Amino acid sequence: MEVVSEGEEVVNSLADAVGSAPCTGDANSAEHASQLDHNDEPGDSGSLEENASNRGEELAGGKRPREDSQSAQQTEQNGDYTEKGQASDQNEEEKEESLRGKRARVAEYPVADARERSGEQILGLPTGKAITLNEIQQDKLTRIALENWSVTLKDATRPQFSPELVDEIYRKELLVTVGNKTVPLQRVMVLEISQYLENYLWPNFDPHSSTFEHLMSIILMVNEKFRENVPAWKCFHDRKENFEPFLKRILTLKDEGRQLNIAEKTNYLLFIIHCFQSLEDEMVRGPVLRLVTLQLWHYLSPGRLQMELSLHEELIDHWKKLMKRETRAAKKGDGYVNAKERLDVKFIPLLLHEFVDTLDSVVVHNAKANLMDGDSEEVDAAEIPVLANALLYCERFVEFLIDLLSQLPTRRFTRALIEDFAIVSKCRLSALYSHTRGRLFAQLVDLLRFYEGFEIDDQTGSHLSDDDVLLAHCSKLQAFQLLCFKRVPKLKDLSLTNIGALEKRADLSKRLSVLLPEELRDLVCNKLNILSSSDPWSHKTEFLMEIMVSTFEKRLSQREAINALPLYPNEQVMWDESFVPSINYTGEGCLALPKLNLQFLTLHDYLLRNFNLFRLESTYEIREDVHDILQRMGAYVNGEGGTSFRGWARMAVPIKEFKITEVKRPNIGEVKPSACIAEVTFSIQKYKGPMRSEWDELKEHDVLFLLSIQPPLEQLSNAESLELSVLERFGLQYVRGCEVIEMRDEEGHLMNDFTGRVKREDWKPPQGELRTAVVALDTAQYHMDVSSMGDKDEDIYSTFHVLMRRKPKENNFKAILESIRDLMNEDYIVPGWLRDIILGYGDPGAAHWKNMKNQLKVIDFKDTFLDAQHLRDSFEGFDVVFQNADESNNQNPPPPYRVTFPKSFMTNPKMSGSKRKGLIPDATIESSNDAHDKIYAEAYVPPDPGPYPQDKPKQNTVRFTPVQVLPI
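Each residue of the sequence shown is one higher than the last, beginning at 39 in the working numbering.
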């Protein structure tokens, strides 16, 4: 009976994932559910793509976008509203508003160009029809599962393991050779539901005899478990002793003679990503961390190795011991393998070489040959899948490097290797980085560049302050100038120039352009040792120049970058699919978002990741509201060429007048204005009753949005609308946020003032139909807009047409983001004893008060204890001795008490283990029964609060238990 409920639940969740209604059925059919009809071939997505193109955003099981477009057209035909009609429409809108929270918001923004991939293709949304339970039962994989590894089979009737069956399933159902997918998602989901990994693959895995197909099948099933956010390593713990041999087979998979295609390479890489993201599992952590040890530096160029050892002198002794051990092993000669040929040493360097080859050959050549013209009709159809899969592989690999650099245990020795390979510079100069289809790849590369230069000491894990980073930057530039003065005559002028003139990219490029290509190569590879002379890219002048500039240019610090970032989303961020997907993200692709791991580099890193993720989460909600407003307002071009509105919306009004009244000078050390004040005038004449009151209730600190709309000249058909993005369909030009400072009515009287400027007896109801909101614009966004504005460009702040508000309960994002940003501008956010716990290092027990240093021997408990007996009960095992201020012998004085603890009570337990593995208490200190251990309690008279009863502070009335007293 238990199997039945589990199977039905899994099938229902699977049905929800592909947009179908929940289905029910018997245990066996539900447990081995399938996503495709049994006649579907893997990788054959023609019918799915055709179905998806017809259905559009209806994948979630509803037709909201089409219904909304029809309702919008009906609104346009109705023209102006009468008061009666408006009231009924307002009631309808109120009903719809109440239902909006119950609806799933999905798939409304096909922003990609019609010639480019759709959103489903970019993010891997499963497309196709919703399947029925009957189709699930008839699927051939369901029948195979029932016959071979179903949990309902008895041992006597269960057939023996068949490697040929595993090979056949992989070749016919899982292997992808054509198309733009790396895995047939729905076939893998069927196998996952049937517990293919737990009941068949892993129990029958043999480290010596298992086939290539067997290993790849395990990889695909583990990846699927991670995609579905279910425990992936649980079944591996049943045969824990085989996990390390299994991982060794995985690492040597590419050396077994079988050439992996690009889809298999991507799945293989995704499995490695999941391994490095599972360091909390002890079974996984040990074998994986051996891939990122000091021995990686065997693959550094000689000059880079010397430079790294000179920067980290504490590693010199470790490196010498490593070399001595290698020398002794080489002399013995018994099965000695060169360090560079060992699996755990060469694995990551070989992956880096493979990535560069893929980036430089498959992607770049195909992109140059077929895609640079931007005409998809001229692209060879046979090469499109290769490019799409290679693109996903490159995106996944950059994600892998970001994961390595964003965790301290994996960052220590890999950062130098990644810099020595110049991965970031090679990516930035690739054709994919600047191509329209490589936008996500470019954003991932920028994130990789950020973590490569993160402000942290790789060896100690300590955060580097802005002064430390600036000092290191200036020291590096001075050393470069000294080298140029001594050994590069052509750069003598550069060596005598002030540092401020060299740290900018354009200035440094101009000064280095006097060198010939061979001279530049000699400077980079031989004199500065930034790049190995054996690197295939070392003969490219543009690449060498990029290496030099990226090494010596000054980068914005974390604080400068976060302070220069607008808190309000604009139209570019809202409809950027790489940051804020408008469809259900299924996990087949990757996003340019930071991950919330169990470990973080520093507290600033922790705050920055939360800042970015919360900012994008709120952006998604704001985008939904903006899209809803655009549909309801029904903007059109009037006879004078201006923008008018046929419809109306409860949460938006047309703007009568907008003007900027004050722009204050920047603060010292900043470039953005210290404040930017504007006034927005609008009319609430057409609103009656509750909706009018909602607009009149706007107050200080409420967040509003300003929309600039230029609708298309001609009305679009339904088919044309679906092919366009939201920005093109509705003519949305700009979105800017602002915060209310004060509200005034038509006569200029303050409304909803809580500052005391309007006395209670002087208060009057709002007058007239016009309202003026004095708002504060985002100074960072204003500075960016003004700086990017050319001589002939229009002024963004003179084009606003609509003022939009949001529900107050959903509109607190600005205050939260501002609080996180303020914390990032502080040096000391949390106490030292809590820092490692938040960052994910050490033992949480180390934050217990008994394990802390510098404990207080005397503690004033104030009103914690209700009486003397309460104090005695809280510290059983100790003699409580009262010392009264009047030197009396009263052993039951009233509280409050100052308590002095004995040394035995405050002793730290001995701890063992390293910081990375966690501190483990060797013994627990318990309360001693020794009569000599005494606690001295001093009763004192609290300060007199005053003669008035209201001045007396509220006293504690809770009789805390001994366990509760210890944390206090």
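From the three backbone atoms N, C-alpha and C, an ideal C-beta is built for every residue, glycine too.
These numbers come from a predicted model, not from an experiment.
ask   = Looking at C-alpha atoms only, which residue of Thr474, Gly672 and Asp833 is the closest neighbour of Leu754?
value = Residue nearest to Leu754 within the set Thr474, Gly672 and Asp833 is Gly672 (criterion: CA-CA distance).
ask   = Hey, which unbroken runs of the alpha helix (DSSP H) at 4 residues or more fall wholly within the stretch 864 to 889?
value = Annotation note: the stretch 864 to 889 contains the following uninterrupted alpha helix (DSSP H) runs of length 4 or greater, listed N- to C-terminal: 870 to 877.
Distance between Trp575 and Asp560 (C-alpha atoms, nearest Å) = Each residue's alpha carbon lies about 14 Å from the other.
Extent of the continuous alpha helix (DSSP H) to which Val1010 belongs = For the chain, the structure presents residues 39 to 1006; residue 1010 sits outside this window and is missing.
message = Can you check which of these residues, Val701, Ala194, Gly794 and Ala690, is closest to Lys724 by C-alpha distance?
response = Selected option, being the one with the closest Cα: Ala690.
ask   = Cα separation between Met259 and Arg225?
value = Their backbone Cα atoms lie some 11 Å apart in a straight line.
key: Residue(s) in a DSSP beta bridge with Phe696   = According to DSSP, which records beta bridges pairwise, Phe696 is partnered with Val718.
ask   = Looking at C-beta atoms only, is the number of pairs between the stretch 581 to 596 and the stretch 461 to 474 that lie closer than 8 Å three or more?
value = By the Cβ test, the stretch 581 to 596 is in contact with the stretch 461 to 474, since at least three Cβ pairs between them sit closer than 8 Å.
task = Give, in chain order, every unbroken run of the beta strand (DSSP E) that is at least 3 residues long and sits entirely within the stretch 598 to 682.
result = Under the rule that a run must span 3 or more residues, the beta strand (DSSP E) segments found entirely inside the stretch 598 to 682 read 673 to 675.
inquiry  = Just to confirm my understanding: we take Gly806, look at its own chain, exclude 5 residues before and 5 after, and list those with CB closer than 7 Å. What are they?
reply    = If we look at Gly806 and ignore the five residues flanking it on each side, its Cβ neighbours are Asp783, Glu784 and Glu785.
query = My guess is that Gly880 and Asp874 are in contact by the Cβ rule of under 8 Å, so how many angstroms apart are they, rounded?
reply = Contact holds; Cβ gap of about 4 Å.
ask   = Between the C-alpha atoms of Asp616 and Ala630, what's the straight-line distance to the nearest angstrom?
value = A quick correction: the sequence has Ser, not Asp, at residue 616. Near 6 Å, if we compare the C-alpha coordinates of Ala630 and Ser616.
query = Does the stretch 683 to 700 come close enough to the stretch 711 to 721 that 3 or more CB-CB pairs lie under 8 Å?
reply = Taking a cut-off of 8 Å on C-beta distances, the stretch 711 to 721 touches the stretch 683 to 700, as three or more cross pairs fall below it.
ask   = Could you give the uninterrupted runs of the alpha helix (DSSP H) lying entirely in the stretch 759 to 824, keeping only those of 4 residues or more?
value = As far as the stretch 759 to 824 is concerned, its whole alpha helix (DSSP H) runs of at least 4 residues are 764 to 768.
Length of the line joining the Cα atoms of Pro728 and Glu735 = Straight-line Cα distance between these residues: approximately 10 Å.
ask   = From Asn261, Asp643 and Tyr623, pick the residue whose C-alpha is nearest to that of Ile494; which is it?
value = Closest option to Ile494, Cα to Cα, is Asp643.
query = What is the residue span of the alpha helix (DSSP H) that Gln921 lies within?
reply = Segment Asp917 to Asn922 is the beta strand (DSSP E) holding Gln921; no alpha helix (DSSP H) there.
ask   = For the beta strand (DSSP E) that Tyr974 lies in, which residues bound it at each end?
value = That run of the beta strand (DSSP E) goes Lys972 to Ala977.
query = Phe743 bridges to which residues according to DSSP?
reply = Answer is Gly775 and Met842, bridged to Phe743.
ask   = So Phe438 is in the alpha helix (DSSP H); what residue range does that whole segment cover?
value = Start and end: Ile422 to Leu443.
key: Three-pair Cβ contact test at 8 Å for the stretch 982 to 991 versus the stretch 902 to 909   = The stretch 982 to 991 makes no contact with the stretch 902 to 909; the number of CB pairs closer than 8 Å stays below 3.
message = What does DSSP give as the partner residue(s) for Ile1006 in the beta ladder?
response = According to DSSP, Ile1006 bridges with nothing at all.
query = Between Asp82 and the rest of its own chain, which residues show a CB-CB distance below 7 Å, the 5 nearest in sequence each way excluded?
reply = In this predicted model, Asp82 has a pLDDT of only 39, less than 50, meaning its place in the structure is not dependable enough to derive any value.
message = Using 8 Å as the threshold, is the C-beta distance between Val1011 and Leu486 below it?
response = For the chain, the structure presents residues 39 to 1006; residue 1011 sits outside this window and is missing.
ask   = From Tyr835, Arg936 and Lys888, pick the residue whose C-alpha is nearest to that of Val896; which is it?
value = Selected option, being the one with the closest Cα: Arg936.
message = Would Pro353 and Leu327 be called neighbours here (beta carbons separated by less than 8 Å)?
response = Checking the displayed sequence, the identity of residue 353 turns out to be Leu instead of Pro. Not closer than 8 Å, so no.
query = Which word fits Pro604, buried or exposed, when buried means at least 16 other C-beta atoms lie within 10 angstroms of its C-beta?
reply = By the Cβ-count criterion, Pro604 is buried, with 16 or more other Cβ atoms from all chains shown falling within 10 Å of its own Cβ.
message = Tell me which residues share the same chain as Arg543 and place their Cβ nearer than 7 Å to its Cβ, disregarding the 5 neighbours each side in the sequence.
response = Result list for Arg543: Val587 and Glu591, in chain order.
query = So which of Lys578, Leu808, Tyr835 and Leu291 has the shortest CA-CA distance to Asn817?
reply = At residue 817 the sequence reads Thr, which differs from the Asn that was named. Here the closest residue by C-alpha is Tyr835.
message = Am I right that Gln445 and Asn635 are in contact with their C-beta atoms under 8 Å? What's the rounded C-beta distance?
response = About 6 Å; that satisfies the 8 Å criterion.
ask   = Using CA coordinates, which residue listed in Val1003, Thr535, Pro803 and Ser200 is at the minimum distance from Ser912?
value = If we check each option's Cα against that of Ser912, Val1003 comes out closest.
ask   = With a Cβ-Cβ cutoff of 8 Å, do Ser595 and Val462 count as a contact?
value = Cβ atoms of Ser595 and Val462: not closer than 8 Å.
ask   = What's the C-alpha gap between Asn790 and Asn889?
value = Those two C-alpha atoms are separated by around 52 Å.
request  = Return the CA-CA distance between Leu223 and Lys272, expressed in angstroms with no decimal places.
outcome  = C-alpha separation (whole angstroms): 22 Å.
request  = Between the Cα of Gly1011 and those of Leu894, Thr837 and Gln819, spot the shortest distance and give me the residue it belongs to.
outcome  = For the chain, the structure presents residues 39 to 1006; residue 1011 sits outside this window and is missing.
query = Which of helix, strand or coil does DSSP assign to Asp898?
reply = In the three-state reduction of the DSSP assignment, Asp898 falls in the strand class, which pools E and B.
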